[in-house]
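Which chain is which? The protein sequence lines are H and R, in order. Counting with the numbering used here, you get residues 5 to 259 for the letters of the first sequence. Counting with the numbering used here, you get residues 5 to 495 for the letters of the second sequence. We put the CB at the ideal spot given by N, CA and C, even for glycine. In this text, all values refer to a predicted model and were calculated from it rather than measured experimentally.
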Amino acid sequence: MRRAIRAEWAKAWSDPATPWLLAALVVLTVAVSDVTIGTARCPVAACGQDPARLGLAGVYLGQAVAALAGVLALGGEYATGMIHVTLTAIPRRRRLLAAKALVLAGPVLVASAFALGAAMLAGVIVLPGHGFTAGHGYDLASWAMARAWCCATVYLTLVAVLGLGVAAAVRDSTVATGMVLGLLYLFPIAAMAIGDQAVARRLDQIGPMSAGLDGQTTIDLHGLPLTPWAGLGVVALWAAGAIATGGVLLWLRDA
Amino acid sequence: MIRAGVIRAEWVKFRSVRGWVVAVVVAAIAIVGFAIDGGAQGSCYGNSCAQPTGPGGEAVSDSFYFVHQALAGNGAITVRVASLTSAVRSPRGGTQRVVVPWAKAGIIVKAGLTPGSAYAAIMVTGSRGVRMQDDFTGDIAGPAMQAGWLRLVRSSGSVITGYASADGTRWTRVGAVTLPGLPTTVQGGLFTTSPQWTQTSLGVAAITGDASQSTAVFDHAALTWRGAWTGTDVGGSSGGPAAGPATGYSRAGRVITIVGSGDIAPATSGPSGLGVTPAQTLAGAFIALTILAVTGAMFMTAEYRHRLIRVTLAACPMRGRVLAAKTLVTGLVAFATALAGTAVAVPAGERVLRSHGVYLPPLTALTETRMIVGTAAALAVCTVLAVAISTVARRGAAAIAAVVALIVVPYVLTVSIPVLPLGAADWLMCVTPAAAFAVEQTTVQYPQVDDVYAPAYGYFPLAPWAGFAVLCAWTAVFLTLAAVALKRRDA
Numbered sequence: 005m006r007r008a009i010r011a012e013w014a015k016a017w018s019d020p021a022t023p024w025l026l027a028a029l030v031v032l033t034v035a036v037s038d039v040t041i042g043t044a045r046c047p048v049a050a051c052g053q054d055p056a057r058l059g060l061a062g063v064y065l066g067q068a069v070a071a072l073a074g075v076l077a078l079g080g081e082y083a084t085g086m087i088h089v090t091l092t093a094i095p096r097r098r099r100l101l102a103a104k105a106l107v108l109a110g111p112v113l114v115a116s117a118f119a120l121g122a123a124m125l126a127g128v129i130v131l132p133g134h135g136f137t138a139g140h141g142y143d144l145a146s147w148a149m150a151r152a153w154c155c156a157t158v159y160l161t162l163v164a165v166l167g168l169g170v171a172a173a174v175r176d177s178t179v180a181t182g183m184v185l186g187l188l189y190l191f192p193i194a195a196m197a198i199g200d201q202a203v204a205r206r207l208d209q210i211g212p213m214s215a216g217l218d219g220q221t222t223i224d225l226h227g228l229p230l231t232p233w234a235g236l237g238v239v240a241l242w243a244a245g246a247i248a249t250g251g252v253l254l255w256l257r258d259a
Numbered sequence: 005m006i007r008a009g010v011i012r013a014e015w016v017k018f019r020s021v022r023g024w025v026v027a028v029v030v031a032a033i034a035i036v037g038f039a040i041d042g043g044a045q046g047s048c049y050g051n052s053c054a055q056p057t058g059p060g061g062e063a064v065s066d067s068f069y070f071v072h073q074a075l076a077g078n079g080a081i082t083v084r085v086a087s088l089t090s091a092v093r094s095p096r097g098g099t100q101r102v103v104v105p106w107a108k109a110g111i112i113v114k115a116g117l118t119p120g121s122a123y124a125a126i127m128v129t130g131s132r133g134v135r136m137q138d139d140f141t142g143d144i145a146g147p148a149m150q151a152g153w154l155r156l157v158r159s160s161g162s163v164i165t166g167y168a169s170a171d172g173t174r175w176t177r178v179g180a181v182t183l184p185g186l187p188t189t190v191q192g193g194l195f196t197t198s199p200q201w202t203q204t205s206l207g208v209a210a211i212t213g214d215a216s217q218s219t220a221v222f223d224h225a226a227l228t229w230r231g232a233w234t235g236t237d238v239g240g241s242s243g244g245p246a247a248g249p250a251t252g253y254s255r256a257g258r259v260i261t262i263v264g265s266g267d268i269a270p271a272t273s274g275p276s277g278l279g280v281t282p283a284q285t286l287a288g289a290f291i292a293l294t295i296l297a298v299t300g301a302m303f304m305t306a307e308y309r310h311r312l313i314r315v316t317l318a319a320c321p322m323r324g325r326v327l328a329a330k331t332l333v334t335g336l337v338a339f340a341t342a343l344a345g346t347a348v349a350v351p352a353g354e355r356v357l358r359s360h361g362v363y364l365p366p367l368t369a370l371t372e373t374r375m376i377v378g379t380a381a382a383l384a385v386c387t388v389l390a391v392a393i394s395t396v397a398r399r400g401a402a403a404i405a406a407v408v409a410l411i412v413v414p415y416v417l418t419v420s421i422p423v424l425p426l427g428a429a430d431w432l433m434c435v436t437p438a439a440a441f442a443v444e445q446t447t448v449q450y451p452q453v454d455d456v457y458a459p460a461y462g463y464f465p466l467a468p469w470a471g472f473a474v475l476c477a478w479t480a481v482f483l484t485l486a487a488v489a490l491k492r493r494d495a
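Pasting the structure below:
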């Protein structure tokens with residue numbers, strides 16, 4: 005297993021796309037978060053704005069990069085035919101997928117933690133000046149804020165793993181990217197488009213993006229479709245399901 | 005000129021991939037399906053929510069408390085508004101004093117008591133100073149006073165002039181309006197009204213609001229005419245009085261106190277208005293857009309993935325023509341698909357919404373056509389943009405991620421999950437290709453009506469065709485890049 009991880013690590017970091025993807029993840033996430041923080045105002049008490057979700061708004065764009073990183077980690081091998089060499093070197097397919105998932109998840113986790121930490125820190129510094137004060141009912145140094153940061157970091161990592169699983173299942177980066185991004189973004193669009201409130205709420209519960217966002221919420225928790233940790237659990241189920249499906253198909257099929 | 009053969013070749017390529025054909029059909033079904041899913045529920049059956057229409061034909065709110073008398077011919081009304089105060093229901097019970105920016109109290113002359121009839125008025129407002137307004141859409145700003153003297157003069161039959169003064173001696177002319185066809189005898193007098201009070205704490209995530217009620221104290225009323233005052237609650241109190249005493253008026257010597265609720269203004273949709281915008285019927289269009297754009301991106305990147313591009317370029321060495329043919333085929337397929345969807349979705353969706361009691365403001369045939377054709381055109385151009393981006397990127401995964409980041413993410417952030425504060429949302433809807441969704445705009449944003457004018461409620465910062473032009477500019481830039489890249493690079 006250690007050799008498999010080392011091989012995958014060497015492959016990942018010799019691909020020029022890897023540092024670019026991680027840099028894009030950090031830059032785009034921080035940029036969207038900072039614009040959101042910079043324009044948010046809370047003029048009165050109980051203004052209904054969630055400081056954690058403002059600070060973590062970059063996740064909406066960052067997740068597309070995380071998903072792309074996950075897809076390309078395996079999809080690229082199918083595009084170039086490298087997969088044949090890889091499977092010759094590591095014939096245990098479960099081991100290969102596990103090594104790939106670890107090599108993918110580690111850097112994405114670190115990059116996400118850094119980007120979201122920077123964004124949250126900017127929020128904690130800037131938002132009190134925009135009316136998010138104790139007098140308006142906000143405590144920016146709370147455990148809930150730390151939990152939101154933690155959930156968002158794990159969420160981005162799980163999205164990358166989801167991308168890897170789908171890529172393993174469909175063996176094509178283009179189709180896999182379309183599927184993962186569709187899975188992420190179309191659930192909330194459909195939930196908004198549908199008139200029936202009960203159906204919309206159910207869609208918000210099962211959609212990976214909206215469920216994952218529940219974990220980043222720190223106010224009005226009782227109004228959420230899911231509790232924060234349950235929301236993260238839904239995302240984990242999606243990622244696990246994708247990896248399991250991808251693993252089984254990888255095992256069953258020729259490369 | 006592109007030869008027909010090149011176009012036909014691209015069409016055959018598109019048609020022969022089953023997945024793409026299925027995707028296109030699914031896109032059309034999505035547009036119609038979300039329009040007629042029928043989940044929305046309202047309480048406006050029959051004409052119960054029909055709003056009056058103003059002299060200009062637009063839907064208007066016209067409810068206020070009117071202390072009036074019949075006035076024949078020319079003359080003037082002068083009055084001092086001693087105070088104007090507003091209140092809403094307090095969350096803790098009882099009432100709560102608030103500033104309602106567009107609470108209105110002043111002098112009005114109106115063609116009749118029917119809601120929607122022509123009028124001209126001069127008024128003080130909650131926080132917008134003195135205003136001279138006429139026929140619902142006219143609005144002239146006067147001095148910034150919260151209380152003071154007002155005068156309305158009717159001269160030469162149809163010309164009405166408004167004046168304001170802080171002390172009753174030195175007068176400022178605020179403006180003059182002409183009301184063509186104003187009858188000789190009109191209803192004129194004093195009024196108070198108070199629109200929905202909405203507090204947006206930025207973003208649309210948090211909106212709190214309630215019908216408000218305002219109380220105005222008038223004194224020193226002086227009229228050219230001699231008659232008796234009558235009190236009428238014009239338009240009924242449709243919003244329902246929110247707080248405090250019931251609407252009405254009382255007199256104590258020369259002091260008249262009027263309590264009113266409602267508004268004299270163009271009707272808007274959104275949280276402070278009634279019903280939904282007809283753009284609701286096109287909710288599925290964005291899902292169709294995502295499907296079509298991904299299909300467009302794959303149509304191009306598949307050439308590179310399967311090395312088919314070499315055959316294509318060998319068959320047609322003029323590379324610009326290949327790009328033009330691909331653009332034309334995807335654009336036309338997307339336009340036809342989307343048009344088939346929207347042409348059914350808009351009328352059918354409106355019917356379903358109305359049958360479920362959801363109020364929709366009246367639409368002109370021209371606006372409806374613009375929604376149907378404009379949305380289809382926006383989807384087609386977005387698909388072409390996806391083709392152009394993927395020609396530059398060549399790798400399907402990167403192309404799809406770029407398309408999603410440019411078109412889908414701005415839409416999700418501003419419309420589906422409106423987390424962005426209003427300023428940032430408006431900015432995104434001005435500069436990203438998602439600006440093209442302004443073609444679905446059916447409502448006008450009026451500065452004299454406070455509402456949450458957010459993209460999430462169908463109010464786009466750009467005019468329909470300006471938003472569409474933003475998308476076209478993006479597409480033109482990427483098509484140019486694509487043409488250059490295709491010519492310069494080896495396949």
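Spatially closest choice to H/Pro-192 from H/Asp-200, H/Gly-74, H/Thr-181, H/Ala-204, by CA coordinates: Out of H/Asp-200, H/Gly-74, H/Thr-181, H/Ala-204, the CA that lies nearest to the CA of H/Pro-192 is found in H/Ala-204.
Residue interval of the beta strand (DSSP E) (run including R/Gly-179): Start and end: 176-182.
Three-state secondary structure assigned by DSSP to R/Ile-568: Past the boundaries of the shown model lies residue 568 of chain R; chain R is included only from 5 to 495, so the question cannot be answered.
N- and C-terminal bounds of the alpha helix (DSSP H) containing R/Ile-421: Unbroken run through R/Ile-421: none, as it is neither H nor E.
Nearest candidate by alpha-carbon position, reference H/Phe-16, set H/Gly-141, H/Ala-215, H/Thr-90: Contrary to the premise, residue 16 of chain H reads as Ala rather than Phe in this sequence. Cα-wise, what sits closest to H/Ala-16 is H/Thr-90.
In DSSP terms, what R/Asn-191 is bridged to: In the sequence as displayed, the identity of residue 191 of chain R is Gln instead of Asn. For R/Gln-191, which the question treats as bridged, DSSP gives the partners R/Ala-74, R/Lys-114.
Outcome for R/Ala-232 when other beta-carbon atoms lying within 10 angstroms are tallied against a minimum of 16: Note on R/Ala-232: under 16 other CB atoms within 10 angstroms of its CB, so exposed under the neighbour-count rule.
Cβ-Cβ distance between R/Val-102 and R/Trp-201 below 8 Å: With a cutoff of 8 Å on beta-carbon distance, R/Val-102 and R/Trp-201 are scored as near each other.
Cβ-Cβ separation, R/Ala-384 to R/Phe-339 (assumed contact under 8 Å), whole Å: Confirmed, Cβ separation roughly 4 Å.
Contact list for R/Arg-398 against chain H, beta-carbon separation under 7 Å: Those do not exist, as R/Arg-398 stays about 11 Å from chain H at its closest Cβ, beyond 7 Å.
Cα-Cα separation, R/Gly-244 to R/Pro-468: Note on R/Gly-244: pLDDT 43, under 50, position unreliable in the model; no value is reported.
Residue-chain proximity (R/Leu-296, chain H), Cβ-Cβ < 8 Å: At a cut-off of 8 Å between C-beta atoms, R/Leu-296 does not count as an interface residue with respect to chain H.
Cross-chain neighbours of R/Gly-288 in chain H, by beta carbon under 7 Å: Here the neighbours are Ala-197.
Where R/Tyr-123 sits in the DSSP three-state scheme: DSSP places R/Tyr-123 in the strand class (E or B) of the three-state scheme.
Where H/Pro-192 meets chain R, residues with beta-carbon distance less than 9 Å: Think of a sphere of 9 Å around the beta carbon of H/Pro-192: the chain R residues whose beta carbon falls inside it are Val-416, Ser-420, Ile-421, in chain order.
Proximity below 8 Å, CB of R/Ile-291 to CB of H/Ala-180: It is not a contact, given that the beta carbons lie outside the stated cut-off.
Same chain only: Cβ atoms within 8 Å of R/Leu-424, ignoring 5 sequence neighbours per side: Sequence-distant Cβ neighbours of R/Leu-424 in its own chain, meaning closer than 8 Å and more than five residues away, are Gly-207, Leu-417, Thr-418, Leu-432.
Top-ranked residue by Cα proximity to H/Gly-245, from H/Ala-172, H/Gly-127, H/Ile-129, H/Ala-61: Closest option to H/Gly-245, Cα to Cα, is H/Ala-172.
Endpoints, beta strand (DSSP E) assigned at R/Tyr-253: 252-256 is the extent of the beta strand (DSSP E) around R/Tyr-253.
DSSP-derived helix/strand/coil call for H/Gly-66: Three-state result, H/Gly-66: helix.
Anticipated Cβ contact below 8 Å, H/Gly-250 with H/Gly-169, distance rounded: Sure, about 4 Å apart at Cβ, within 8 Å.
The region 348-357 of chain R touching the region 405-415 of chain R, judged by at least three CB pairs closer than 8 Å: No, the region 348-357 of chain R does not touch the region 405-415 of chain R.
Nonlocal neighbours in the same chain, by C-beta distance under 8 Å from H/Arg-151, ignoring five residues either side: Only Gly-219, Thr-222, Pro-232 meet the Cβ criterion.
Residue from H/Ala-8, H/Gly-74, H/Gly-135 whose Cα sits closest to the Cα of H/Val-163: For H/Val-163, the nearest C-alpha among the options comes from H/Gly-74.
Cα-Cα separation between R/Gly-220 and R/Arg-258, rounded to whole angstroms: Looking at the sequence provided, one finds Ala at residue 220 of chain R rather than Gly. Going from the Cα of R/Ala-220 to the Cα of R/Arg-258 covers about 14 Å.
Test: H/Ala-35 CB closer than 8 Å to a CB of chain R: Output row for H/Ala-35: interface = no.
Chain R within 8 Å of H/Ala-68, Cβ atoms only: Contact with chain R is found for H/Ala-68, since one of that chain's Cβ atoms lies less than 8 Å from the residue's Cβ.
Short Cβ contact (8 Å threshold) for H/Ile-198 with R/Phe-38: In this structure, R/Phe-38 lies closer than 8 Å to H/Ile-198 by Cβ.
Inter-residue spacing [alpha-carbon to alpha-carbon] between R/Gly-116 and R/Asp-139: Their Cα atoms are separated by approximately 13 Å.
Closer than 8 Å to chain R by CB, H/Tyr-159: So no, H/Tyr-159 is outside the interface.
Beta-carbon proximity list for R/Pro-366, same chain, < 8 Å, skipping 5 on both sides: Correct list, in chain order: Thr-57, Ala-63.
Buried or exposed by the 16-neighbour rule on C-beta atoms within 10 Å, applied to R/His-224: It is exposed - the Cβ of R/His-224 has fewer than 16 other Cβ atoms within 10 Å.
Segment contact flag, the region 19-26 of chain H with the region 89-105 of chain H, C-beta cutoff 8 Å, min 3 pairs: With a cut-off of 8 Å, the region 89-105 of chain H and the region 19-26 of chain H do not count as touching, because too few Cβ pairs lie within range.
The region 61-69 of chain H touching the region 138-151 of chain H, judged by at least three CB pairs closer than 8 Å: No, they do not touch.
Candidates R/Ser-394, R/Pro-451, R/Leu-370, of which the one nearest R/Val-443 by Cα: With distances taken between Cα atoms, R/Val-443 lies closest to R/Leu-370.
DSSP state of R/Ala-210 mapped onto helix, strand, coil: Confidence in R/Ala-210 is poor, its pLDDT being 48 and thus under 50, which makes the residue's placement unreliable; the coordinate value appears in the next sentence. Note: R/Ala-210 maps to coil in three-state DSSP.
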